[in-house]
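J.: Following this message is one structure expressed as structure tokens.
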Amino acid sequence: MAQSLLTLSSEVKFLKGVGPARAELLAARGIHTVEDLLYYTPFRYEDRTRVTRIRDLVPGQTTTVLAKVLTCGLMRTRTGLYIFDLAATDTTGMLRCKWFNAVYLEKRKIFRQGQRVFFYGKVERDPFGTGNLQIVQPQFEILPESEDASAESLEVGRVVPIYESVGTLGTRVLRRLISAALAGLGAQIPDHLPESIRRKNQLVERGAALRQTHFPDGARPLEEVASFRTPAQLRLIFEEFFAVGAGLALKRRKAKAAPGIEFRVTDGVRQAIKQILPFHPTGAQKRVLKEIADDMCSPRPMNRLLQGDVGSGKTIVAIQAALLAMENGYQVALMAPTEILATQHYLYIKNLLAPLPYSADLLISARRAAEKAELKRRIAGGEIHLVVGTHALIEEDVSFARLGFAVVDEQHRFGVMQRFRLIRKGATPDVLVMTATPIPRTLALTLYGDLDFSVIDELPPNRTPIETRLLFERDRGQAFEFVRERVRQGGQAYVVYPVIEEGGKLDLKPAVRMYEYLSTTVFPELRLGLLHGRLRSEEKEGVMQAFKGGEVQILVSTTVVEVGVDVANATVMLIEHAERFGLAQLHQLRGRIGRGRAKSTCLLLAEEPLSDVAAERLRTLTETTDGFRIAEIDLKLRGPGEFFGTRQWGIPTFRIANLLRDQEILEWAKREALEFVAHPASRQEFEAFVSYLRAHWPRRYGLAQVA
Ligand code: ADP
Ligand code: MG
332 MAQSLLTLSS EVKFLKGVGP ARAELLAARG IHTVEDLLYY TPFRYEDRTR VTRIRDLVPG
392 QTTTVLAKVL TCGLMRTRTG LYIFDLAATD TTGMLRCKWF NAVYLEKRKI FRQGQRVFFY
452 GKVERDPFGT GNLQIVQPQF EILPESEDAS AESLEVGRVV PIYESVGTLG TRVLRRLISA
512 ALAGLGAQIP DHLPESIRRK NQLVERGAAL RQTHFPDGAR PLEEVASFRT PAQLRLIFEE
572 FFAVGAGLAL KRRKAKAAPG IEFRVTDGVR QAIKQILPFH PTGAQKRVLK EIADDMCSPR
632 PMNRLLQGDV GSGKTIVAIQ AALLAMENGY QVALMAPTEI LATQHYLYIK NLLAPLPYSA
692 DLLISARRAA EKAELKRRIA GGEIHLVVGT HALIEEDVSF ARLGFAVVDE QHRFGVMQRF
752 RLIRKGATPD VLVMTATPIP RTLALTLYGD LDFSVIDELP PNRTPIETRL LFERDRGQAF
812 EFVRERVRQG GQAYVVYPVI EEGGKLDLKP AVRMYEYLST TVFPELRLGL LHGRLRSEEK
872 EGVMQAFKGG EVQILVSTTV VEVGVDVANA TVMLIEHAER FGLAQLHQLR GRIGRGRAKS
932 TCLLLAEEPL SDVAAERLRT LTETTDGFRI AEIDLKLRGP GEFFGTRQWG IPTFRIANLL
992 RDQEILEWAK REALEFVAHP ASRQEFEAFV SYLRAHWPRR YGLAQVA
């Protein structure tokens, strides 16, 4: 296909330079069309308008040098460290570059003598050598020998875009492909953003925005380019947030228009709640329950996210809402991510419901086949009013007589599809999803556009804040003594080990081995129990019950205790290899203690040396127990991509927009999107944009139909 016939929807394989192998690499990154490719935007820029001559380098400066490789090779220091060492010259002087542990540079024969290479990084004086200048771990880009002048103009004498590699496709290849695509498209790149929105917000037209974002022409100051604030970049960021904002608003409007169950708060409901409440709800619990009840009593289906930090008391709120549903003659399903949690919930609920005429049961795959079959029959017949379960609840052969209310606990452990499968077990059930993983609030409010949002922002009374200490291997003895002392005083303890993944297999050895060592050598006089995911259900339940009852004093466990386990008498947690856990996970784990009046202590035992990021994670935990604060820091340390994981959150992964950097643009674009959906300038404009979303939304953002 001739380049002049290129359109945004052309497949990338029609681009010059893209063969089947490259097309496959690109596809693996979600880049199928020319449009996809153009939205693969640089993650940073390099100023090569002024490449610094080696003679003019100043220590401390971060800059680009263009030099020829003189020598290079792998060295080994006396301490056994590998260093890849390279010397390069540009005729004005010599520069050394060093990469630590970079055996791959040698193995893959990346550098050769005589190559021309851009090096980018911070210049410093070699502390050991002769005072030579060096760059440690520079970014680099090798220029091929047979480069023609036009291609070179993409690389030198300008602000150059730097792309994240796609498989083996490096930044240079991507730069050339993108440049070719832009050239092939010619002047006309249609703009899907509604004209009225573009005008009102004074946004650059799409074609110009794409060109300038990839290849800034030097009209804007470099700082602006580097911080993604040029009009071109702003337009693309805005466009992405606007599309998501409008899509969510449409989805939500559609959901609100669907018929739902109109529950009624009767005296019976009030009576039942009064009868079972084991304590006075906190102000936050009351407020949230009212939000939920109002939704349930409206003629529209509820879709609500309940967020509350670990231990904030979400369960009882869900149970109260469940009573509202059951008193109205409907069934309730509660889905939890692990058998342990489902079992805990079931036992707790069965106990609470004892004085009421409702039957509850537990559906987990571990139960005997005959029992399960019987249970499913009774669920289908409407004899079971409330069923707690794991994924087993969403299997094909589970059907409800009258499912009116579905609760998903620890929502972040489930995919969006699993939530939908549970919902589809009823006609139009009200849905409550609960999560303890705190999403920074501003983001949640803005991004969970299709869910209503409630927060429990208050802990139950009489909780003493958890104290957290960071210890190292040399403190191990002291840590064990601390645990022993607490247990002697009548408390209980968790000792948690990471599950190590080796060759795709989960290795439980550390927990199992340490359990043996701890029970025979360290705490021979105490009663220990072992809990991990591979135990049979009855075994798990047996250990949990023994821990709850106090027969087991120290529970040695993997992270299976992360969610939902609730034993108020446990006041110490020792986390081994704390440096291997993520921040959010440590926070969740730590939430298992501090559930009673007594003061609780969390000991983080870490192995040195700690990376900077691990050190900051652990320090954060010793400084705060505020889940939201922790989430903000987690987001900062990990970056939004990793923070939100895959599509689990139902939060789209953005391409040019960055949730941390661009929060203000997010607010701005969302306001405009809501306004647009509510009062579009014209019917025609509205429909054009909706059909654009329909075509792009599912693939780009992994969400279901919008309107
Ligand atoms: P989470 O929000 O983490 O799921 P839970 O619902 O498990 O928290 O509640 C944590 C603990 O706090 C439980 O032992 C629960 O019984 C207790 N709890 C919840 N609400 C209150 C309250 N208002 N007063 C006293 N204890 C409460
Ligand atoms: Mg919970």
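Converting from the sequence shown to our numbering requires adding 331 to each position, the first position being numbered 1.
Think of the CB as a built atom: it goes at the ideal place given N, C-alpha and C, for glycine as much as any other residue.
#1: Please classify H676: is it buried, with 16 or more other beta-carbons within 10 angstroms of its beta-carbon, or exposed?
#2: Looking only at C-alpha atoms, which of G549, R794 and G576 sits nearest to V1021?
#3: Per the DSSP calculation, Q470 is bridged to which residue(s)?
#4: From A624 to Q616, what distance separates their C-alpha atoms?
#5: Between which two residues does the beta strand (DSSP E) harbouring L949 extend?
#6: Measuring CB to CB, does E798 end up less than 8 Å from T951?
#7: Which residue's Cα is closest to the Cα of D897: E910, G880 and R360?
#8: Give me the Cα-Cα distance between L336 and Q916, rounded to the nearest whole angstrom.
#9: Applying the criterion that 16 or more other CB atoms from any shown protein chain within 10 Å of the CB defines a buried residue, is G976 buried or exposed?
#10: Residues in its own chain within less than 6 Å of L339 by CB, not counting five upstream and five downstream?
#11: Measuring alpha carbon to alpha carbon, tell me which of M748, L687 and S643 ends up nearest T1105.
#12: Kindly indicate which residue of A354, E476 and K1001 has the alpha-carbon position closest to the one of F569.
#13: Would you mind reading off the limits of the alpha helix (DSSP H) that contains G515?
#14: Contact defined as beta carbons within less than 8 Å: I believe Y661 pairs with R733. What is the distance between those atoms, to the nearest angstrom?
#15: If I measure Cβ to Cβ from R595 and keep anything under 7 Å in the same chain, skipping five residues before and after, which residues do I get?
#16: Mapping the DSSP letters down to three states, classify Y848 as helix, strand or coil.
#17: On the premise that R506 lies in contact with P492, defined as a C-beta separation below 8 Å, what is that separation, rounded to the nearest angstrom?
#18: Reducing DSSP to helix, strand and coil, say where A480 ends up.
#19: Excluding the five sequence neighbours on either side, which residues of its own chain have a C-beta within less than 6 Å of the C-beta of P668, listed in chain order?
#20: By DSSP, does V619 sit in helix, in strand, or in coil?
#21: Can you tell me whether Q519 is buried or exposed? The criterion is at least 16 other CB atoms within 10 Å of its CB, across all chains shown.
#22: If I measure Cβ to Cβ from K453 and keep anything under 6 Å in the same chain, skipping five residues before and after, which residues do I get?
#23: So, is S696 buried or exposed, given that buried needs 16 or more other C-beta atoms within 10 angstroms?
#24: When the Cα of L464 is compared with those of G501, Y413 and L388, which residue comes out closest?
#25: Please state whether DSSP places Y413 in a helix, a strand or coil.
#26: What three-state label does DSSP hand D522 in the structure shown?
#27: In the structure shown, what three-state DSSP assignment does F878 receive?
#28: Mark E705 as exposed unless 16 or more other C-beta atoms lie within 10 angstroms of its C-beta, in which case mark it buried.
#29: Go through its chain and collect everything with a Cβ distance to A945's Cβ below 8 Å, but skip five positions before and after it.
#30: Roughly how many whole angstroms lie between the Cα atoms of K347 and G501?
#31: At 4 residues or longer, and completely inside the region 993 to 1025: list those alpha helix (DSSP H) runs for me, N to C.
#32: In chain order, what residues of the same chain lie with their CB nearer than 7 Å to the CB of R456, ignoring the 5 residues before and after it?
#33: Under the rule that 16 or more other beta-carbon atoms within 10 Å means buried, what is L357, buried or exposed?
#34: Give me the DSSP bridge partner(s) of N634.
#35: Hey, how far is the Cα of E1018 from the Cα of V729?
#36: Can G644 be considered in contact with the ligand ADP, in the sense that its beta carbon sits closer than 7 Å to one or more heavy atoms?
T.: Well, looking at it:
#1: Walking along the sequence shown from the start, residue 676 turns up at place 345. Its Cβ being crowded by 16 or more others within 10 Å, H676 is buried.
#2: Here the question's residue 1021 lines up with position 690 in the sequence shown. Closest by C-alpha distance to V1021, out of G549, R794 and G576, is G576.
#3: Taking the first residue of the sequence shown as position 1, residue 470 is located at position 139. Note: Q470 sits in a beta bridge opposite Y451.
#4: The residue you call residue 624 lines up with position 293 of the sequence shown. The residue you call residue 616 lines up with position 285 of the sequence shown. A straight line joining the alpha-carbon of A624 with that of Q616 spans about 12 Å.
#5: For the purposes of this step, residue 949 is identified with residue 618 of the sequence shown, where counting begins at 1. Looking at the DSSP string, L949 is not in any beta strand (DSSP E); the run it does join, the alpha helix (DSSP H), is D943 to E954.
#6: Residue numbering aside, residue 798 sits at position 467 when the sequence shown is read from its first letter. Residue numbering aside, residue 951 sits at position 620 when the sequence shown is read from its first letter. No, the Cβ-Cβ distance between E798 and T951 is not below 8 Å.
#7: On the sequence shown, residue 897 is found 566 positions in, with the first residue counted as 1. Ranking E910, G880 and R360 by CA distance to the CA of D897 puts G880 first.
#8: One-based indexing of the sequence shown puts residue 336 at position 5. One-based indexing of the sequence shown puts residue 916 at position 585. Put simply, the backbone Cα of L336 is about 51 Å away from that of Q916.
#9: The sequence position of residue 976 within the sequence shown is 645, counting from 1. Here G976 scores only 45 on pLDDT, less than 50, and its place in the model is too uncertain to base an answer on.
#10: In the sequence shown, the residue the question calls residue 339 occupies position 8. These residues qualify, in order along the chain: V365 and E366.
#11: Residue 1105 cannot be examined here, being either before or after the span of the chain that is shown, 332 to 1038.
#12: The count along the sequence shown starts at 1 and reaches residue 569 at position 238. The residue with the shortest Cα to Cα distance from F569 is K1001.
#13: Locating residue 515 in the sequence shown gives position 184, counting from the first residue. In the DSSP annotation of this structure, the continuous segment of the alpha helix (DSSP H) that includes G515 starts and ends at T502 to L516.
#14: Working through the sequence shown from its first residue, we reach residue 661 at position 330. Working through the sequence shown from its first residue, we reach residue 733 at position 402. Contact flag correct, Cβ pair sits at about 5 Å.
#15: Within the sequence shown, the letter at position 264 stands for residue 595. Closer than 7 Å at the Cβ level, and outside the excluded window around R595, lie C628 and N659.
#16: As a first step, residue 848 must be located in the sequence shown, where it is residue number 517. If DSSP states are grouped into helix, strand and coil, Y848 belongs with the helices.
#17: Residue 492 sits at position 161 when you count from the first residue of the sequence shown. Residue 506 sits at position 175 when you count from the first residue of the sequence shown. Taking 8 Å as the upper bound for CB-CB distance, P492 and R506 are in contact here, some 6 Å apart.
#18: Reading the sequence shown from its first residue, position 149 is the one you call residue 480. Note on A480: pLDDT 47, under 50, position unreliable in the model; the coordinate value appears next. Looking at A480 - three-state DSSP - the assignment turns out to be helix.
#19: Counting from one through the sequence shown, the residue named residue 668 turns up at place 337. Correct list, in chain order: E741 and R744.
#20: Stepping through the sequence shown from its first residue, residue 619 is reached at position 288. Correct three-state label for V619: helix.
#21: The residue given as residue 519 occupies position 188 in the sequence shown. So Q519 ends up on the exposed side.
#22: Counting from 1 along the sequence shown, the entry for residue 453 is found at position 122. In the same chain as K453, and ignoring 5 residues on each side of it, the C-beta atoms closer than 6 Å to its own belong to T393, in chain order.
#23: For the purposes of this step, residue 696 is taken as the residue at position 365 of the sequence shown. So S696 counts as exposed.
#24: Here residue 464 refers to the residue found at position 133 of the sequence shown. Out of G501, Y413 and L388, L388 has the C-alpha closest to the C-alpha of L464.
#25: Within the sequence shown, residue 413 is the residue found at index 82, counting from 1. Strand, per DSSP.
#26: The sequence position of residue 522 within the sequence shown is 191, counting from 1. Looking at D522 - three-state DSSP - the assignment turns out to be coil, as it is neither helix nor strand.
#27: Position 547 of the sequence shown, counted from the start, is the residue given in the question as residue 878. Helix, per DSSP.
#28: Numbered from 1 along the sequence shown, position 374 holds the residue referred to as residue 705. Answer is exposed; the Cβ neighbour count stays below 16.
#29: Residue mapping note: residue 945 aligns to position 614 of the sequence shown, counting from 1. Only residues of its own chain outside the window of five on either side were considered, and among them E910 and A937 have a CB closer than 8 Å to the CB of A945, listed in chain order.
#30: The residue given as residue 347 occupies position 16 in the sequence shown. The residue given as residue 501 occupies position 170 in the sequence shown. Between K347 and G501, the C-alpha separation is close to 16 Å.
#31: Taken in chain order, the whole alpha helix (DSSP H) runs of length 4 or more contained in the region 993 to 1025 are 994 to 1009.
#32: As a first step, residue 456 is located in the sequence shown; it is residue number 125 there, counting from the start. Around R456: P390, G462 and L464.
#33: As a position in the sequence shown, residue 357 is number 26, starting the count at 1. It counts as buried.
#34: The residue labelled residue 634 in the question sits at position 303 within the sequence shown. DSSP output for N634 lists V762 as bridge partner(s).
#35: Stepping through the sequence shown from its first residue, residue 1018 is reached at position 687. Stepping through the sequence shown from its first residue, residue 729 is reached at position 398. One alpha carbon belongs to E1018, the other to V729, and they sit about 40 Å apart.
#36: As a first step, residue 644 must be located in the sequence shown, where it is residue number 313. It does: the Cβ of G644 is within 7 Å (strictly closer) of some heavy atom of the ligand ADP.
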